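Q: Just passing along the structure, written as structure tokens.
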């Protein structure tokens, strides 16, 4: 009997010390958590959030069609699956869309409009974004958008100058060749 108690105590001690060595360190657990968070962040749309948007940089003086960069132009709501742009200029236009795909590396998202103020519901478009030197996100829509399929919008030849927020959106347009349109500056609500 004494031998059985001794063996039970020895086996229990061996198991306890063995399990302590398998537990890992706090640093290893922190590394695992950081790795999991990196995976989650990589799969989330970089510009998800509720935003107020303005025309160009804050020093943009405006023009015949656009208010200065200090005047609110509208609101954006962006999730991994939904996009809504509400303009406060003019008639208060609302663009609402399902996000079909996005690529954080290429900084583009592809949408299919649910609601469009100019008859584009059911059409496809793209939005491009960049993080500019002032540490603000800027977004530029595919001006020639409203295509009939996702494949068509992915073939867009729109070129954007990510160094010029006041006239670098769609620089190869046919309306003002060589000069593009404003990017929208996004500021968190």
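Numbering (the working numbering), first residue to last: 196 to 384.
All C-beta atoms in this analysis are idealised placements derived from N, C-alpha and C, irrespective of residue type, glycine included.
Note that the structure is a prediction, hence the values are computed from the model and not measured.
With a Cβ-Cβ cutoff of 8 angstroms, do residue 379 and residue 334 count as a contact?
A: Within the chain shown, numbered from 1, the residue matching residue 379 stands at position 184. Within the chain shown, numbered from 1, the residue matching residue 334 stands at position 139. Yes.
Q: For residue 266, does the count of other Cβ atoms within 10 angstroms reach 16, so buried, or fall short, so exposed?
A: Residue numbering aside, residue 266 sits at position 71 when the chain shown is read from its first letter. Residue 266 should be labelled exposed.
Q: In angstroms with no decimal places, state the Cα-to-Cα distance between residue 338 and residue 357.
A: For the purposes of this step, residue 338 is identified with residue 143 of the chain shown, where counting begins at 1. For the purposes of this step, residue 357 is identified with residue 162 of the chain shown, where counting begins at 1. Rounded to the nearest angstrom, the two C-alpha atoms are 16 angstroms apart.
Q: In the DSSP assignment, find the unbroken beta strand (DSSP E) run with residue 292 in it and report its ends.
A: Mapped onto the chain shown, residue 292 falls at position 97. Run containing residue 292: 289-298, per the beta strand (DSSP E) assignment.
Q: Tell me, to the nearest whole angstrom, how far the beta carbon of residue 307 is from that of residue 343; I am working on the premise that it is less than 8 angstroms.
A: Your numbering for residue 307 matches position 112 in the chain shown. Your numbering for residue 343 matches position 148 in the chain shown. Not quite, the Cβ-Cβ distance comes to about 11 angstroms (not below 8 angstroms), so this is no contact.
Q: Please state if the CB of residue 316 and the CB of residue 340 are separated by a distance shorter than 8 angstroms.
A: For this step, residue 340 is matched to residue 145 along the chain shown. For this step, residue 316 is matched to residue 121 along the chain shown. Their beta carbons are not under 8 angstroms apart, which means residue 340 does not touch residue 316 by this criterion.
Q: Evaluate residue 252 with the Cβ neighbour count: other Cβ atoms within 10 Å of its Cβ, from every protein chain shown; 16 or more gives buried, anything less gives exposed.
A: To locate residue 252, count along the chain shown from 1; it is residue 57. Per the 10 Å Cβ criterion, buried.
Q: With DSSP collapsed to three states, give me the class of residue 242.
A: As a first step, residue 242 is located in the chain shown; it is residue number 47 there, counting from the start. In the structure shown, residue 242 sits in coil (DSSP, three-state: anything other than H, G, I, E or B).
Q: Return yes when the Cβ of residue 297 is within less than 8 angstroms of the Cβ of residue 147, no when it is not.
A: Lying outside 196 to 384, the shown extent of the chain, residue 147 is not represented and no answer is given.
Q: Roughly how many angstroms lie between the CA atoms of residue 239 and residue 303, to the nearest whole one?
A: For the purposes of this step, residue 239 is taken as the residue at position 44 of the chain shown. For the purposes of this step, residue 303 is taken as the residue at position 108 of the chain shown. Spanning the two alpha carbons is a distance of roughly 13 angstroms.
Q: Grouping DSSP H, G and I as helix and E and B as strand, with all else coil, what is residue 349?
A: Residue 349 sits at position 154 when you count from the first residue of the chain shown. Note: residue 349 maps to helix in three-state DSSP.
Q: Could you have a look at residue 225 and say whether DSSP puts it in helix, strand or coil?
A: Here residue 225 refers to the residue found at position 30 when the chain shown is read from its first residue. Under the three-state reduction of DSSP output, residue 225 falls in the helix class.
Q: What does a CB cutoff of less than 6 angstroms around residue 367 pick up in its chain, not counting 5 residues either side in sequence?
A: Indexing the chain shown from 1 puts residue 367 at position 172. Cβ neighbours of residue 367 within its own chain (closer than 6 angstroms, five residues either side excluded): 354.
Q: Go ahead and pull the three-state DSSP assignment for residue 356.
A: Your numbering for residue 356 matches position 161 in the chain shown. If DSSP states are grouped into helix, strand and coil, residue 356 belongs with coil.
Q: Using the DSSP secondary-structure output, state which residues sit across from residue 320 in a beta bridge.
A: As a first step, residue 320 must be located in the chain shown, where it is residue number 125. According to DSSP, residue 320 bridges with 306.
Q: Let's see if you can read the secondary structure: which residues bound the beta strand (DSSP E) around residue 269?
A: For the purposes of this step, residue 269 is identified with residue 74 of the chain shown, where counting begins at 1. Residues 267-273.
Q: With H, G and I counted as helix, E and B as strand and the rest as coil, what does DSSP make of residue 313?
A: For the purposes of this step, residue 313 is taken as the residue at position 118 of the chain shown. Three-state result, residue 313: coil.
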